[in-house]
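K.L.:
Protein chains in written order, with full-length UniProt numbering: chain C, 1 to 408; chain X, 1 to 408; chain R, 1 to 408; chain S, 1 to 408. Here's a structure for you.
There are 4 protein chains.
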Amino acid sequence: MAKLKVVLAYSGGLDTSIILKWLQTEYDAEVVTFTADLGQGEEVEPARKKAELLGVKPENIFIEDVQEEFVRDFVFPMFRANTVYEGQYLLGTSIARPLIAKRQIEIARQVGADAVCHGATGKGNDQVRFELGYYALEPDIRVIAPWREWEFASREQLIDFAEKNQIPIAKDKRGESPFSIDANLLHSSSEGKVLEDPGVEAPEYVHQRTISPEDAPDTPTEITIDFEKGDPVAIDGIALSPAALLTRLNELGRDNGIGRLDLVENRFVGMKSRGIYETPGGTILLAAHRGIESITLDGGAMHLKDSIMPRYASLIYNGFWFAPEREMLQALIDTSQEMVSGRVRMKLYKGNATVIGRESDYSLYDEDLVTFEEGSGSYDQRDAAGFIKLNALRLRIAAQRKKKLQIQ
Amino acid sequence: MAKLKVVLAYSGGLDTSIILKWLQTEYDAEVVTFTADLGQGEEVEPARKKAELLGVKPENIFIEDVQEEFVRDFVFPMFRANTVYEGQYLLGTSIARPLIAKRQIEIARQVGADAVCHGATGKGNDQVRFELGYYALEPDIRVIAPWREWEFASREQLIDFAEKNQIPIAKDKRGESPFSIDANLLHSSSEGKVLEDPGVEAPEYVHQRTISPEDAPDTPTEITIDFEKGDPVAIDGIALSPAALLTRLNELGRDNGIGRLDLVENRFVGMKSRGIYETPGGTILLAAHRGIESITLDGGAMHLKDSIMPRYASLIYNGFWFAPEREMLQALIDTSQEMVSGRVRMKLYKGNATVIGRESDYSLYDEDLVTFEEGSGSYDQRDAAGFIKLNALRLRIAAQRKKKLQIQ
Amino acid sequence: MAKLKVVLAYSGGLDTSIILKWLQTEYDAEVVTFTADLGQGEEVEPARKKAELLGVKPENIFIEDVQEEFVRDFVFPMFRANTVYEGQYLLGTSIARPLIAKRQIEIARQVGADAVCHGATGKGNDQVRFELGYYALEPDIRVIAPWREWEFASREQLIDFAEKNQIPIAKDKRGESPFSIDANLLHSSSEGKVLEDPGVEAPEYVHQRTISPEDAPDTPTEITIDFEKGDPVAIDGIALSPAALLTRLNELGRDNGIGRLDLVENRFVGMKSRGIYETPGGTILLAAHRGIESITLDGGAMHLKDSIMPRYASLIYNGFWFAPEREMLQALIDTSQEMVSGRVRMKLYKGNATVIGRESDYSLYDEDLVTFEEGSGSYDQRDAAGFIKLNALRLRIAAQRKKKLQIQ
Amino acid sequence: MAKLKVVLAYSGGLDTSIILKWLQTEYDAEVVTFTADLGQGEEVEPARKKAELLGVKPENIFIEDVQEEFVRDFVFPMFRANTVYEGQYLLGTSIARPLIAKRQIEIARQVGADAVCHGATGKGNDQVRFELGYYALEPDIRVIAPWREWEFASREQLIDFAEKNQIPIAKDKRGESPFSIDANLLHSSSEGKVLEDPGVEAPEYVHQRTISPEDAPDTPTEITIDFEKGDPVAIDGIALSPAALLTRLNELGRDNGIGRLDLVENRFVGMKSRGIYETPGGTILLAAHRGIESITLDGGAMHLKDSIMPRYASLIYNGFWFAPEREMLQALIDTSQEMVSGRVRMKLYKGNATVIGRESDYSLYDEDLVTFEEGSGSYDQRDAAGFIKLNALRLRIAAQRKKKLQIQ
């Protein structure tokens, strides 16, 4: 019988190295590693040597820079909807999982693997996002979720396993880390341990990619962002690829203390959790996108988008990126962005990302209409009387009923 | 035949004084004035003398401080829903209109008036809000909207009419003002003229009630806000009445440069307009309310609230406060707030109002559940496998269909 | 100065003939007539002679059979959403107006007309639907709505005008008709006069295109309807064009007493009105479409469609067919229909249109899964335990809070 | 150590008798039985003797008639929303589960039981509905779901167990039944076996509580239904208790072949299933309720209700009756029903339940307004011009943009 062949989402870190070894020992599996550069800010090439060291065949090591695909096909489509989960969270972790799942499945097909494996725990959302992605793309794939399966009950036991298996352990990984991190080009998140009491302020040191507003420059930075069909394409007039643009926004945001969020959120699995999110570029982008939409998007279109956004956000948060209803909502959103093009001017200052100007060849803003002076004649104030009268009609009829009933 | 008796929403300013006189001359009306102190920051008593000067009988002059009612019965219920229009606007103008309309109708009944009158123009939303309020409460009331009716075609003609009718004109009111202002305890708005080009940054001098973030102190201010059933009741542990509390938040917001918004929005009458809004206290309150909800409100309840919020916001923006569907949504919202009680700790700093801690006897946040350590046993990670499997089932079936069709 | 040139939606009947003449006399207009065969069941060619008789130039007479376009581009897209207004109304009148408006505008461009004109009254929805269509397609078009403009105050005055202007008057049109009718290939509606008291049953004679269930055959008729991508394409295995298919369904519905509706509805202009609708083919089609979706459409997709349907229906009812938000919703709906293909078997019997079987190569129904016997292994009942546990988690936490608070 | 004490939802039938015995043998449990008369049409008293025979102590046998509570507190509130799942299903099974779960928990508290147990299988929705109910009311209750736990793999093994344990087996229960049934006062459902192929028509014999339309009388039956605040209170003018009223409607529906539904639906657990539902009284009630709402409910209120209904229906279908978001939606719905009172006249005929008249002291229908004659002056047709103009404004601006861009 052939060996089980498993494609592992492999970061090169201690935890996924333990998983790698555990797959080999527990399942006698041939492990295929997939290491993605999503802009998490760590080198990915070192993962190659670590994988080799753990006995992975060279042809089974996949290391890829997927930053452009990530931003172009996942981040930007999501930002077209001004997506925030529970009013605030920019979904930085959620939006990366479907891409990783998709590449794992593609690699599994390429190498003829039977199973996929991820390093997410059994309490979080990421397990759901990975696995819904796997199943949506390859319905009969076998999924291995070590954190739900193995017997290790403490950090000590894991370290013990690592030592027994000659897995190199960085010094600072030996003990419990004071919190856990997820990162990609869109954001960093910090969770757990020192952050578990939501009544206690997050310590400054948990922040990964922003300076604090207090430490940011005393002078504002002004930039312009150009949009085409809902997506940003240039900063200060200089065209940039999706990943380069987000990278640049991240720098601008980081330097100006923009994009920190301390949130208690509702996980799909039913519990509340607290996270510290840093989304410097995304925070600027959200404000800018709303800015360009404000002059180029029809009011009815905007209100429809706003009304479906919470559902769209939950779908992404819950891991349903590849579900038909997410694709249906995306079709709706994308249809609205045809003319969302133009330039937004922004001021960045100590945590604030403020739109201070917007202009577009596609603008629906009409100064003639809005002016307090009588305009070009396209608006007759007397029309408002009829407009109000008919909008009021049903309210008046109801009020008449009320009066009639009181009299009787 | 009896004289027409009209209840005018009277600010005491030049424009509504002209209207007052115009009602007397054009309609030969007996004018009843209603001047409300909504916290706009101007004395209301001077309106009495002005009205008398213009021939209004003392018994026809109504001057009232409605700040507590305004905040308690209009602002706070709206904030229970985390209401923002088009993703950003805190509806400071919209929420005051129903209260004014309601009091005008009540006074009309009291004095036996036949008509009500407001000073809103024919291009804006306020005419709609006033008049929908009037009609919803008194279906057969006669409504006079001078700006839609009279023949004055320019500022000069209005001034001319004022001069001919001995209406006192403040020096700075003689010329065109560079923008127009609306204000109440919740916010100030500035619109028009110098603000009409949305591509040009709003000048600093249009701001009425906030200093700029750049001018705010270099040191953060920390406060606590206590909530009971969704409404704020105390700051730094000191219980305050609704209006006193909002006043205090306004001071804190103003001093820290919090609550400015430069927005292009979609008016109900169909055009886009640009406004500069300052909602210092409201901006803090919104963040704080989300903060206390984050630990006390069930996830399903929160998501339902979030999904209906845009509709609720549009109803208020469009003037449907007294419509049955607004009341139905309010019932839904209020039902959710029963246990939204506790304390939020906030940091205010140069435009940022940040939640840094929340605690509550009603908290649903469970540290035992969320901890990376194995908790009290109430959560079994293995349950997640089944949870994911069944959530994935329909996606897998669809993926199987896709495979089957590709094979054929 | 050139004469005003007006494109009139002209039925050839008395009312629009009066309008035609009125445009000539009141506006001194050059009238262009557009007469559409929408399947209303009357000959349209006679309109040519009538128009000529009233002095319209031959090149200004447009008579077109638009039935295929009507069904293909308007009716079928709407049925993809299972659209009903206020839970019941199949929108037969609403869906025809945008097509007429569109053709009028196209003709206006072709002949260089300045204005368009329709014969809808000032109390109904149709004026809104026509005019929103006109403006959305040609923003600066002049719209003439005679019923809102002219001075005729009674039927007698209209007849008088007709007689004075040699407009032929059919005998049965001289008096007031006992109700008014609108008809096209999708439906007939009857309104007004004898139907105005919603407490009184509609008389049998108002029905235009269905026999009553009581008069229908005692034996059921069975048919099959084939769908491709959400649209019906064949009946009993015989492929039919869109209009031919709907025509055939209408016959089947008529003969079996299917598709009558007695409804009090809420008009966009704010009043309630009562209509008798007959939609024989559409009623069968709605049931059949739900039938084929029930096995081919994913549950998440279906629920999303269902949740946006009321809004989509209101948009069509209110005349916003050409609004961007309708197009956005259409994109969402159409995206869902890619695999809505297959065959539905129906029984038609005395007012009932019942799905009795459905089959499809694209079926998502899996007998193995659902069977009470243990199936192919793709479903493990034990997964349900975890699924329930995590779905229950937030409810349990809330219940624990409740208990804790009661104890204290 | 004390024996485990389990409250079992006990029908008295073979399956739950096997469960009873299995709890005694497998868990060594003290079993408490709860048998509810929900109007399923079977005697419940025989369950007492059966339970005693199986060794249940008399004080542990609970048999209750809960029909009035069922209809008053569960069925009627649901019908206030015109609730249908997936456009068609009246949720007859779903709505009964929360009541049973609630009584089981109440009894568990009363007798000091540790656990509850139900007889639903691991593939269906009912397990979810029972257990979400249990957990929402008693978060730490132990739940036993035998069908997911035991080792029986076939009908034979179950029968074998029954025989070994002296459980009486009715002759017709020995073999596989050709389909399975659930029933209560609202509906009967039939599922499984002979119904599993959705392409094959359901045989006549699966129907439990309706005659077929073909067999119904050739003469229509007319009735009136009176409503108060959204709930039916009388038939033909005779006041009836909730359960008596629904019983009477069931008879009327049964006799006229009303309320059959052959549906393929999406289960919460992710699969599609096919059911035959019979809801004779409920089908009449839904039509009647829509009828009385059509004249008494404001249009805006109705549209809001319609838009949230699918979500409300899914919550009930999925078992979230006791979730806060269901209660929030109920508050919204109930707020709308204050004036939904009056009389509806209906015709029942061979499967059709048709509203033919409605009247109410609370009617919002205004004949004066709607009449084709000029009415009382409360509606000015000219208002429609302004109404349309402002509704069209944004569409015109967008069209102007389009033209401008094409020219360039």
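All C-beta atoms in this analysis are idealised placements derived from N, C-alpha and C, irrespective of residue type, glycine included.
Using CA atoms only, rank isn't needed, just tell me which of X:Gly192, X:Lys272, X:Leu245 is closest to X:Pro280.
P.N.:
Start at 1 with the first residue of the second sequence, and residue 280 of chain X comes out as number 280. Looking at the Cα atoms, X:Leu245 is the closest of the given residues.
K.L.:
Between the beta-carbon of X:Ile276 and the beta-carbon of X:Ala183, is there less than 8 Å?
P.N.:
As a first step, residue 276 of chain X is located in the second sequence; it is residue number 276 there, counting from the start. As a first step, residue 183 of chain X is located in the second sequence; it is residue number 183 there, counting from the start. No. Outside cutoff.
K.L.:
So which residues of chain C does S:Gly300 contact, with C-beta pairs closer than 7 Å?
P.N.:
Against the fourth sequence, residue 300 of chain S aligns to sequence position 300. By Cβ distance, chain C contributes Arg394.
K.L.:
Taking the beta strand (DSSP E) that X:Gly275 falls in, what are its first and last residues?
P.N.:
Residue numbering aside, residue 275 of chain X sits at position 275 when the second sequence is read from its first letter. That run of the beta strand (DSSP E) goes 272–278.
K.L.:
What residues are listed by DSSP as bridge partners for X:Met347?
P.N.:
For the purposes of this step, residue 347 of chain X is taken as the residue at position 347 of the second sequence. Sequence check: residue 347 of chain X is Lys here, not Met. Partner(s): X:Glu222, X:Thr354.
K.L.:
Residues of the segment 325–355 of chain R in Cβ contact with chain C at a cutoff of 7 Å, in chain order, please.
P.N.:
Glu325, Glu327, Met328, Leu329, Ala331, Leu332, Thr335, Ser336
K.L.:
Can you confirm whether R:Lys389, when its beta carbon is compared against all beta carbons of chain X, has any partner nearer than 8 Å?
P.N.:
Translated into the one-based positions of the third sequence, residue 389 of chain R becomes position 389. True, the Cβ-Cβ gap to chain X drops below 8 Å.
K.L.:
Run through DSSP, which three-state label would R:Gly375 get?
P.N.:
Sequence index remark: in the third sequence, residue 375 of chain R carries index 375 (1-based). Any reading at R:Gly375 must be qualified, since the residue scores a pLDDT of 48, below 50, and its modelled position is unreliable; the value itself is stated next. For R:Gly375, the three-state secondary structure derived from DSSP is coil.
K.L.:
Keeping to the same chain, check which residues put their C-beta closer than 6 Å to that of C:Arg209; ignore five residues upstream and five downstream.
P.N.:
Here residue 209 of chain C corresponds to residue number 209 of the first sequence, with the count starting at 1. Closer than 6 Å at Cβ, skipping near neighbours: Ser188, Arg254, Glu278.
K.L.:
When DSSP labels each residue in this structure, what does C:Glu228 get in the three-state scheme?
P.N.:
The residue labelled residue 228 of chain C in the question sits at position 228 within the first sequence. Note: C:Glu228 maps to strand in three-state DSSP.
K.L.:
Note the first and the last residue of the continuous alpha helix (DSSP H) segment covering R:Lys193.
P.N.:
Working through the third sequence from its first residue, we reach residue 193 of chain R at position 193. It is not in any alpha helix (DSSP H) - R:Lys193 carries neither H nor E in the DSSP assignment.
K.L.:
Rounded to a whole number of angstroms, what is the C-alpha to C-alpha distance between S:Ala2 and S:Gln24?
P.N.:
Counting from one through the fourth sequence, the residue named residue 2 of chain S turns up at place 2. Counting from one through the fourth sequence, the residue named residue 24 of chain S turns up at place 24. So the alpha carbons of these two residues sit roughly 14 Å apart.
K.L.:
Could you please give me the residues that DSSP links to R:Glu359 through a beta bridge?
P.N.:
Walking along the third sequence from the start, residue 359 of chain R turns up at place 359. Looking at the DSSP assignment, R:Glu359 forms a beta bridge with R:Arg343.
K.L.:
On the CB-based measure, 16 or more other CB atoms within 10 Å of its CB, does S:Asp236 come out buried or exposed?
P.N.:
Stepping through the fourth sequence from its first residue, residue 236 of chain S is reached at position 236. So S:Asp236 ends up on the exposed side.
K.L.:
Just to confirm, is the Cβ distance from S:Gly191 to S:Ser177 under 8 Å?
P.N.:
For the purposes of this step, residue 191 of chain S is taken as residue 191 along the fourth sequence, with counting starting at 1. For the purposes of this step, residue 177 of chain S is taken as residue 177 along the fourth sequence, with counting starting at 1. Residue 191 of chain S is actually Glu in this sequence, not Gly. Judged by their CB atoms, S:Glu191 and S:Ser177 are not nearer to each other than the 8 Å cut-off.
K.L.:
To test your reading of the DSSP string, which unbroken beta strand (DSSP E) runs of 3 or more residues are found completely within the segment 68–129 of chain C?
P.N.:
115–117
K.L.:
Excluding five sequence neighbours on each side, which residues of the same chain lie with their C-beta closer than 7 Å to the C-beta of X:Lys102?
P.N.:
Locating residue 102 of chain X in the second sequence gives position 102, where the first residue counts as 1. Closer than 7 Å at the Cβ level, and outside the excluded window around X:Lys102, lie Gly133, Leu137.
K.L.:
Give the DSSP-derived three-state secondary structure of R:Arg209 in the structure shown.
P.N.:
Numbered from 1 along the third sequence, position 209 holds the residue referred to as residue 209 of chain R. DSSP places R:Arg209 in coil when its eight states are reduced to three.
K.L.:
Just checking, does the segment 211–220 of chain C make contact with the segment 331–346 of chain C on the three C-beta pairs under 8 Å criterion?
P.N.:
no
K.L.:
Against chain S, which members of the segment 263–274 of chain R pass a CB distance test of less than 9 Å?
P.N.:
Leu263, Val264, Glu265, Asn266, Arg267, Phe268, Val269, Gly270, Met271, Lys272, Ser273, Arg274
K.L.:
Pop quiz: R:Glu274 and R:Leu195 are said to be a contact at Cβ under 8 Å. What is the actual Cβ separation, rounded to whole angstroms?
P.N.:
Locating residue 274 of chain R in the third sequence gives position 274, counting from the first residue. Locating residue 195 of chain R in the third sequence gives position 195, counting from the first residue. With the sequence shown as reference, residue 274 of chain R is identified as Arg, and Glu is not the correct amino acid for it. Indeed they touch by this definition, with Cβ atoms about 6 Å apart.
K.L.:
Taking the alpha-carbon positions, what's the X:Lys50 to X:Thr33 distance?
P.N.:
Position 50 of the second sequence, counting from 1, holds the residue named residue 50 of chain X. Position 33 of the second sequence, counting from 1, holds the residue named residue 33 of chain X. Near 10 Å, if we compare the C-alpha coordinates of X:Thr33 and X:Lys50.
K.L.:
Could you tell me the distance, in whole angstroms, from the CA atom of C:Ala323 to the CA atom of R:Gly300?
P.N.:
Here residue 323 of chain C corresponds to residue number 323 of the first sequence, with the count starting at 1. Here residue 300 of chain R corresponds to residue number 300 of the third sequence, with the count starting at 1. Roughly 8 Å between the two C-alpha positions.
K.L.:
Could you pull the start and end residues of the alpha helix (DSSP H) that S:Glu265 belongs to?
P.N.:
The residue labelled residue 265 of chain S in the question sits at position 265 within the fourth sequence. Here S:Glu265 belongs to no alpha helix (DSSP H); instead the beta strand (DSSP E) covers 260–266.
K.L.:
Is there a C-beta anywhere in chain X that falls below 8 Å from the one on S:Leu304?
P.N.:
In the fourth sequence, the residue the question calls residue 304 of chain S occupies position 304. It does; some Cβ of chain X falls within 8 Å.
K.L.:
Counting C-beta neighbours from all protein chains within 10 Å, is the total for residue 409 of chain C 16 or more, i.e. buried, or is it exposed?
P.N.:
This structure does not reach residue 409 of chain C, given that chain C is present from 1 up to 408, and the question cannot be answered.
K.L.:
Between S:Ala136 and chain X, is the shortest Cβ-Cβ distance under 8 Å, so that the two count as touching?
P.N.:
For the purposes of this step, residue 136 of chain S is taken as residue 136 along the fourth sequence, with counting starting at 1. No - not a single Cβ of chain X is within 8 Å of the one on S:Ala136.
K.L.:
For C:Glu30, which of helix, strand or coil comes out of DSSP?
P.N.:
Along the first sequence, one-based indexing puts residue 30 of chain C at 30. Strand.
K.L.:
Give me the Cα-Cα distance between S:Leu286 and C:Asp126, rounded to the nearest whole angstrom.
P.N.:
The count along the fourth sequence starts at 1 and reaches residue 286 of chain S at position 286. The count along the first sequence starts at 1 and reaches residue 126 of chain C at position 126. Looking at the two C-alpha atoms, the distance is approximately 43 Å.
K.L.:
So is R:Ile292 buried or exposed if we call it buried at 16+ other beta carbons inside 10 Å?
P.N.:
Residue 292 of chain R sits at position 292 when you count from the first residue of the third sequence. It counts as buried.
K.L.:
Could you tell me which residues DSSP puts in a beta bridge with C:Thr335?
P.N.:
Sequence index remark: in the first sequence, residue 335 of chain C carries index 335 (1-based). Partner(s): none; C:Thr335 has no beta bridge.
K.L.:
Do you know how far the Cα of X:Glu106 is from the Cα of X:Ala113?
P.N.:
Counting from one through the second sequence, the residue named residue 113 of chain X turns up at place 113. Counting from one through the second sequence, the residue named residue 106 of chain X turns up at place 106. Roughly 10 Å separates the two Cα atoms.
K.L.:
Quick one: is R:Lys404 buried, meaning 16 or more other Cβ sit within 10 Å of its Cβ, or exposed?
P.N.:
On the third sequence, residue 404 of chain R is found 404 positions in, with the first residue counted as 1. Result: exposed.
K.L.:
Quick one: measure Cβ to Cβ for R:Met309 and R:Thr83, integer angstroms, because I've assumed they're closer than 8 Å.
P.N.:
Residue numbering aside, residue 309 of chain R sits at position 309 when the third sequence is read from its first letter. Residue numbering aside, residue 83 of chain R sits at position 83 when the third sequence is read from its first letter. At roughly 6 Å, the Cβ-Cβ gap stays under 8 Å, so R:Met309 and R:Thr83 are in contact.
K.L.:
Closer than 7 Å by beta-carbon distance: list the chain X residues that pair up with R:Ala384, in chain order.
P.N.:
Locating residue 384 of chain R in the third sequence gives position 384, where the first residue counts as 1. Residues of chain X passing the Cβ test: Gly386, Leu390.
K.L.:
Decide yes or no for the touch test of the segment 386–406 of chain S against the segment 256–272 of chain X: beta carbon pairs closer than 8 Å, at least 3 of them.
P.N.:
yes
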